[in-house]
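Peer 1: If you count the sequence shown from 1, you need to add 96 to reach the working numbering. First the structure, then my questions, so here it is.
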Amino acid sequence: PFSMAWTHTQKKRRNNGRSKHGRGHTNPVQCDGCGCRPRKDKAIKRFVVRNIVEASAVRDMKEASVYESSAFPKTYYKLHSC
């Protein structure tokens, strides 16, 4: 008979694709792309900062404004994807 004795299986990543180190459990987050629920430490995180007003409207508002410098509101959003 043929017997398979595994001595060592290779590991793809040192951290197993997670940044959990020392924590026993992490909560799931909602993926913005497909809606699945990856763990917070395994999800790919991006912090997006965008102007609420589009670029052409900003240009028009700056031309029409009396003030030289005016701050336009921004949206701050954290994206989670799997």
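Yeah, the Cβ is synthetic: ideal placement off N, Cα and C, and Gly gets one too.
#1: Going by alpha carbons, who is nearest to K174 out of Q126, F168, N111 and D156?
#2: Mind reading off the beta-carbon distance from F168 to V154? Whole number of angstroms is fine, and I expect it under 8 Å.
#3: Indicate the three-state DSSP secondary structure (helix, strand or coil) for R133 in the structure shown.
#4: Can the beta-carbon of I140 be found closer than 8 Å to that of S115?
#5: With burial defined as no fewer than 16 other Cβ atoms inside 10 Å of the residue's Cβ, what is the status of P40: buried or exposed?
#6: Measure the Cβ-Cβ separation of G113 and K138 and say whether it is below 8 Å.
Peer 2: Let's see:
#1: Q126
#2: 6 Å
#3: coil
#4: no
#5: Residue numbering for the chain in the displayed model covers 97 to 178; residue 40 lies beyond these limits and cannot be assessed.
#6: yes
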